[in-house]
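Asker: Our numbering puts the first residue of the sequence shown at 41, with every later residue one more than the last. Dropping a structure here in structure tokens format, bear with me for questions.
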Amino acid sequence: MKTINKKLKPLIRAWMTVKHWVKKRPWTSFLLATAALTITIHFYIALFVPPTREKAWKEIEVTEGMSFKAIASALQREGIIRYRGYFEIIGRLEGITRNVRVGYYGLGSHMSMWEVLGALRTGKIIEYEVVVPEGYNLYQIGYTLSGTPLISDPGQFINLAGKKDFARSLGVEADTLEGYLFPDTYYFPKGITAEGIAKRMVQRYKGAFADSYRTRAGELGFTEHQIITLASIVEKEAKLPEERKLIAAVYHNRLKQGMKLQADPTAVYGTKAWVTNVTLNDLKRRSPYNTYLHKGLPPGPIANPGQGAILASLYPEQVDYLFFVAQGDGSHYFSHDYTAHVKAVGRYRNNKRIAAKNQAKTKQRK
């Protein structure tokens, strides 16, 4: 208690001196009050009143290693803030001077200094949403990206993702990044390069493929690459999530028996970005990926599988199916032997013919 009193004594003494001085000079109180009010109003205007009311967005780029002083200068130069000094002081008090996120910020003179500081504090940079669905291949991803302001030419991404050296530089032991560009909803910042995009997607894959998956793959006699290759086929074939494990089981059973996988999507991989129909000529196409011509798994993935297809390939349904055929509604009919499969294919083709006739009749009536 005595220590606290000793520390307070100088403050109390100073307060008493000011009080006595003001009492002897009443006009000083008025001047101090006026000065305090003026400073408060000025500070309020600087902090909460925008320079203009007119909305005029400008892009301010914060680069790597850019000082807060340089940021403040750029903002003042563009007319976004009035008082650089206040901005720097408050930035220091808020603790954001060394933690400003790199990127492009959409700011304007219609924003108050406090709002501008808030944008920098939260790292609210310009970002673009990119949705990469499960089963997209690297070609489809390239075209999807070219539909945004991020890249102008799909080839920028496609060519990069197809390079072995680049794949290896990201820790992917494969000839391309196909299969390792994890499907997800991404928010890419303006100014990001094709390299940066690919890196983010591979990082997302690595976070999704757990160590336990590698252990399970080893138990099945597969490498990680082989599991992702199988999962990519399952992803392309399965239209319904509940059928993934059944389709995975068919391919596991075929591999065990030394049968060709005969997966339609493998026959057309690399021909077009989007394929809606697989023809008989496609099934005869010479390609190392065509599982109608080659036994076993193709040399690599044909698409980028999601978590569900990966898990289905690691934990297939315990059934002895060897065949499946589409039923036209997204589902498949599964068979144990070839005879039953041929009958199922016949039913599918017959139903398809009936549907086509009915559609033609409907058009004639119209």
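The beta-carbon is built from N, C-alpha and C at its ideal position, and this holds for glycine as well.
1. Tell me whether K47 is buried or exposed, calling it buried when 16 or more other Cβ atoms sit within 10 Å of its Cβ.
2. Quick one, which of K239, R93, D251, T331 has its alpha-carbon nearest H150's?
3. Taking the C-alpha atoms as reference points, what is the distance between G247 and R389?
4. What span of residues does the alpha helix (DSSP H) with P194 cover, start to end?
5. Entirely within the region 200-236 and at least 3 residues each: give me those beta strand (DSSP E) ranges in chain order.
6. Between the C-alpha atoms of R124 and P229, what's the straight-line distance to the nearest angstrom?
7. Would you kindly report the start and end of the unbroken beta strand (DSSP E) that includes G146?
8. With DSSP run on the structure shown, which of helix, strand or coil describes V172?
9. Tell me which residues share the same chain as S19 and place their Cβ nearer than 8 Å to its Cβ, disregarding the 5 neighbours each side in the sequence.
10. G298 to L362, Cα distance in whole Å?
11. Within 10 Å of its beta-carbon, does F88 have 16 or more other beta-carbons around it, so buried, or fewer, so exposed?
12. Which of the three DSSP states, helix, strand or coil, is assigned to R393?
13. According to DSSP, is S186 helix, strand or coil?
14. Apart from the five residues just before and just after G195, which ones in its own chain have a Cβ nearer than 8 Å to its Cβ?
15. Could you pull out every residue in the same chain whose Cβ sits closer than 7 Å to the Cβ of W154, ignoring the five residues on either side in sequence?
16. Quick check: the region 215-234 against the region 128-144, are there 3 or more CB pairs under 8 Å?
17. May I have the straight-line CA-CA distance separating A354 from R294, to the nearest angstrom?
18. Apart from the five residues on each side of it in sequence, which residues of its chain come closer than 6 Å, Cβ to Cβ, to P345?
19. Excluding the five sequence neighbours on either side, which residues of its own chain have a C-beta within less than 8 Å of the C-beta of R393, listed in chain order?
20. Grouping DSSP H, G and I as helix and E and B as strand, with all else coil, what is W314?
21. Just to confirm the assignment, what range does the alpha helix (DSSP H) spanning E259 have?
22. Enumerate in chain order the residues of its own chain whose CB-to-CB distance from I44 is below 8 Å, with the five nearest sequence positions on each side excluded.
23. For Q358, count neighbouring Cβ atoms within 10 angstroms of its own Cβ and tell me buried if that reaches 16, exposed if not.
24. State the beta-bridge partners of H381 as determined by DSSP.
25. Throw me the rounded Cβ distance for the L210 and V242 pair, which I believe falls under 8 Å.
26. By DSSP, does K324 sit in helix, in strand, or in coil?
27. When the Cα of A201 is compared with those of G148, A238, S107, which residue comes out closest?
28. In this structure, what does DSSP give as the bridge partners for S375?
29. How about V102 and V156: are their beta carbons less than 7 Å apart?
30. Hey, how far is the Cα of I130 from the Cα of A112?
31. For the beta strand (DSSP E) containing E101, list its first residue and its last residue.
32. Along the chain, where does the alpha helix (DSSP H) that runs through A110 open and close?
33. According to DSSP, what are the bridge partners of E167?
34. Enumerate in chain order the residues of its own chain whose CB-to-CB distance from R256 is below 8 Å, with the five nearest sequence positions on each side excluded.
35. Helix, strand or coil for P91? Go by DSSP, reduced to three states.
Answerer: On the basis of the data shown:
1. Its pLDDT being 46, under 50, K47 is placed unreliably by the model, and nothing is read from it.
2. It is R93 whose Cα lies nearest to the Cα of H150.
3. Annotation: G247 to R389 spans about 43 Å, alpha carbon to alpha carbon.
4. Looking at the DSSP string, the run of the alpha helix (DSSP H) that includes P194 is 194-201.
5. Runs of the beta strand (DSSP E) lying entirely within the region 200-236 and spanning at least 3 residues, in chain order: 224-229.
6. Computed Cα separation, rounded: 27 Å.
7. Counting along the chain, G146 sits inside the beta strand (DSSP E) bounded by residues 143-148.
8. Here V172 sits in strand by DSSP.
9. The chain is shown from 41 up to 406; residue 19 falls before or after that span and cannot be answered.
10. If I take the Cα positions, the gap works out to 12 Å.
11. Exposed, by the Cβ-count rule.
12. Three-state result, R393: helix.
13. Judged by DSSP in its simplified three-state form, S186 adopts helix.
14. So the list reads G182, once near-sequence residues are dropped.
15. Leaving aside the five residues that flank W154 on each side, the residues in its chain whose CB is nearer than 7 Å to its CB run, in chain order, L87, F88.
16. Counting C-beta pairs closer than 8 Å gives three or more between the region 215-234 and the region 128-144, which meets the contact rule.
17. Looking at the sequence itself, residue 354 is Leu, so the reference to Ala does not match. Straight-line Cα distance between these residues: approximately 15 Å.
18. Within the same chain, P345 has close Cβ partners A271, S272, E275.
19. No residues qualify anywhere along the chain.
20. Of the three classes helix, strand and coil, the one that applies to W314 here is coil, per DSSP.
21. Element bounds for E259: 251-260.
22. Model confidence at I44 stands at a pLDDT of 43, short of 50, so the residue's coordinates are unreliable; what they give is reported in the following sentence. Within its own chain, no residue has a Cβ closer than 8 Å to the Cβ of I44 once the five positions on either side in sequence are excluded.
23. Burial call: exposed.
24. H381 is not bridged to any residue.
25. Contact holds; Cβ gap of about 5 Å.
26. In this structure, K324 counts as coil in the three-state DSSP scheme.
27. Per the Cα distances, A238.
28. Per the DSSP secondary-structure output, S375 pairs in a beta bridge with F363.
29. No; because the gap between Cβ atoms is not below 7 Å, this pair is not in contact.
30. Using only the alpha carbons, I get a separation of about 11 Å.
31. Element bounds for E101: 97-102.
32. Bounds of the alpha helix (DSSP H) holding A110 are 108-117.
33. BP columns for E167 point to P229.
34. Closer than 8 Å at Cβ, skipping near neighbours: L354, Y355.
35. Here P91 sits in coil by DSSP.
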